[in-house]
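**Student:**
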Amino acid sequence: MALDVAGKTVVITGASAGIGRELALLMARKGARLALLARRKPLLEELAQECGAGSQAMAVQCDVTQRPSCQAAIQTVVSEFKEIDILILNAGMSMGCYFEDIKDLADGDFMLSLNVMGVANVLHYAFPFIPKVRGSRIVVISSIAGAIGVPFRTLYCASKWAVNGFCASLRTELEEAYGENAPKVVVSCPPEVATGLNTNRLKFGNEATAQFDEKTAASPTLAAQLILDAICEGVRIGFFSKMHAWLHSLYACCPSRIDKMIIDGVKKSHRAPRYGNM
Ligand SMILES: NC(=O)c1ccc[n+]([C@@H]2O[C@H](COP(=O)([O-])OP(=O)(O)OC[C@H]3O[C@@H](n4cnc5c(N)ncnc54)[C@H](OP(=O)(O)O)[C@@H]3O)[C@@H](O)[C@H]2O)c1
1 MALDVAGKTV
11 VITGASAGIG
21 RELALLMARK
31 GARLALLARR
41 KPLLEELAQE
51 CGAGSQAMAV
61 QCDVTQRPSC
71 QAAIQTVVSE
81 FKEIDILILN
91 AGMSMGCYFE
101 DIKDLADGDF
111 MLSLNVMGVA
121 NVLHYAFPFI
131 PKVRGSRIVV
141 ISSIAGAIGV
151 PFRTLYCASK
161 WAVNGFCASL
171 RTELEEAYGE
181 NAPKVVVSCP
191 PEVATGLNTN
201 RLKFGNEATA
211 QFDEKTAASP
221 TLAAQLILDA
231 ICEGVRIGFF
241 SKMHAWLHSL
251 YACCPSRIDK
261 MIIDGVKKSH
271 RAPRYGNM
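Residue 1 is where the sequence shown starts when you use full-length UniProt numbering, and the numbers rise one by one after that.
(1) Helix, strand or coil, according to DSSP, for C157 in the structure here?
(2) Along the chain, where does the beta strand (DSSP E) containing K260 start, and where does it finish?
(3) With distance defined between alpha-carbon atoms, name the residue in S159, P42, G234 and E175 nearest to V187.
(4) Which residue's Cα is closest to the Cα of I84: D259, H124, M93 and R21?
(5) Looking at I231 and I12, is the spacing between their C-beta atoms short of 8 Å?
(6) Along the alpha helix (DSSP H) that carries A38, what are the first and last residues, could you check?
(7) Bridge partners for V193 per DSSP, in chain order?
(8) Tell me the residue span of the beta strand (DSSP E) that contains R137.
(9) State the DSSP-derived secondary structure class of K30, mapped to helix, strand or coil.
(10) Roughly how far, in whole angstroms, is the beta-carbon of R29 from the beta-carbon of S94, given that I think they are within contact range, below 8 Å?
(11) Between the alpha carbons of R153 and E173, how many angstroms are there, rounded?
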């Protein structure tokens, strides 16, 4: 039976904008109790207000790359809510630069620290407070770029493939330790979603980055709904369409064909320096 989030305590990292913000609003409407984490506390406070009277929502400043900040944030959450039923590890950034055009690799260190260690850091402190029952969820917002290779996102793909592997390993550990009561580990793999991620891409020393045409992207509202569906169903890996699930499953047996489809598709949906369409 699908999970009902009403009354559940939900922690969302990267809740101040984009997908995290929409998830917060959607889950507030469903009656969840929310802890909203990100660096920009004023945005979180506005969001907590917006979540409305029907829902309990708290704004907690947290930089997921800084372990003391994660520890303090989780302490604040559990001093109020005691337990964390659903942990959504969503904070992240992207890039839009061909590997051979990278001028400064320092952005790569930052991206891996945010997209990979940011997940591990928050989970490390939250884990003791997650009830070890089937209804608990550990959710990682990965990307379609975590399931297949996409151009001008080498280190982004590396970070998202890394978190997919992290979750696959974690699932086996939970299964071994808690059997039927293992919390479900849900990996969501969105395609392009029209959020600030597109415009805030790390530049790796360049002036501009590749960007997608927002008309071809999913809305944050749709993204939040599809992610919530995956959470409630407790799926291992959630794609936004049958086509993406199909690309993922065929990647192992005919990777060259899938690569070609991706290159052609990305050329249509993205503006990138090498395509001469910037
Ligand atoms: N949009 C897409 O096309 C797309 C597609 C696939 C996957 N995703 C994934 O979805 C997730 C959310 O992306 P989005 O599209 O919603 O991006 P977004 O609109 O740019 O929001 C990113 C969020 O991450 C937070 N964040 C960034 N650095 C942080 C840090 N050090 N500590 C804590 N929070 C931090 C930001 O808050 P503060 O700045 O306030 O800290 C913000 O709330 C990311 O993991 C991304 O990779 C997005």
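From the three backbone atoms N, C-alpha and C, an ideal C-beta is built for every residue, glycine too.
Every value quoted in this text rests on a predicted model; they were computed, and no experiment measured them.
**Tutor:** Reading off the structure:
(1) helix
(2) Looking at the DSSP string, K260 is not in any beta strand (DSSP E); the run it does join, the alpha helix (DSSP H), is P255 to S269.
(3) G234
(4) H124
(5) In this structure, I231 does not lie closer than 8 Å to I12 by Cβ.
(6) Element bounds for A38: not the alpha helix (DSSP H) but the beta strand (DSSP E), R33 to A38.
(7) A218
(8) R137 to I141
(9) coil
(10) About 28 Å; that fails the 8 Å criterion.
(11) 30 Å
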